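Here the sequence shown stands for residues 0 to 72, where the numbers follow numbering that gives the first Met the number 0.
By construction, the Cβ of each residue, glycine as well, lies at the ideal position given by its N, Cα and C atoms.
All of these numbers come straight from a predicted model, not from anything done at the bench.
Scroll down for the structure; my scribbles are underneath it.
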Amino acid sequence: MAEDVLFNPGNAIASNIDPAEIIRTAQLTSDKRTTNEKVVMVKDENGKHLLFEVGDKESDPKKGKHYKIEQEF
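Structure below.
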């Protein structure tokens, strides 16, 4: 997939170096979320994986940080 997106790191649902832990978190929180928005796992330049709701994308480069989408849930 490897699409570039902007997110505010403070809006992350979870973060972890281990992508398996992020996937597990996405699965565990899917029943608790009140929106039907997709959740994406992204990777930063340091190899850290973060989980965001798609609706939290930023359009202003001054407010967001660049990430690459690794997986959608």
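key: Extent of the continuous alpha helix (DSSP H) to which Ile68 belongs   = In the sequence shown, the residue the question calls residue 68 occupies position 69. Per DSSP, Ile68 is not a residue of any alpha helix (DSSP H); the beta strand (DSSP E) it occupies stretches across Lys64 to Glu71.
query = Are the beta-carbon atoms belonging to Phe72 and Ala11 less than 8 Å from one another?
reply = By one-based count along the sequence shown, residue 72 stands at place 73. By one-based count along the sequence shown, residue 11 stands at place 12. In this structure, Phe72 keeps its C-beta atom at 8 Å or more from the C-beta atom of Ala11.
ask   = Are there 16 or more other CB atoms within 10 angstroms of the CB of Thr34, so buried, or fewer, so exposed?
value = Within the sequence shown, residue 34 is the residue found at index 35, counting from 1. Residue environment analysis places Thr34 among the exposed positions, since fewer than 16 neighbouring C-beta atoms fall within 10 angstroms of its C-beta.
key: Assigned secondary structure, Asp59 (DSSP; H/G/I helix, E/B strand, else coil)   = Residue 59 sits at position 60 when you count from the first residue of the sequence shown. When DSSP states are grouped into helix, strand and coil, Asp59 belongs to the coil group.
ask   = Looking at the structure shown, is Ala11 part of a helix, part of a strand, or coil, going by DSSP?
value = Numbered from 1 along the sequence shown, position 12 holds the residue referred to as residue 11. Ala11 falls in the coil class under three-state DSSP.
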